[in-house]
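Below is one structure, written out as structure tokens, with a few remarks after it.
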Amino acid sequence: MFEWIFENAATVIISAVLAAAVIGITVGLIKNKKRGKSSCGCGCEGCAIKDICSGKK
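Quick note on numbering: the sequence shown equals residues 53 to 109 in my numbering.
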């Protein structure tokens, strides 16, 4: 097993870095959504689908 890891070390490292980046971005988006911040950067007050996006009715 260790032999396989050493043979594929570059792939394993790159995959781990990409997975960490995706997880970090996802966590950041979730935190921003919970704080009420918009992911598009323009704010929700002028958005046509603000009721769907924010969950407010």
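Glycine is no exception: its CB is placed at the ideal position from the N, C-alpha and C atoms.
Predicted model only: the values in this text are computed from it and were never measured.
Between the C-alpha atoms of V79 and A72 there is a straight-line separation of about 10 Å.
For K83, the secondary structure class from DSSP, reduced to helix, strand or coil, is helix. DSSP, reduced to helix, strand and coil, places E59 within a helical segment of the structure shown.
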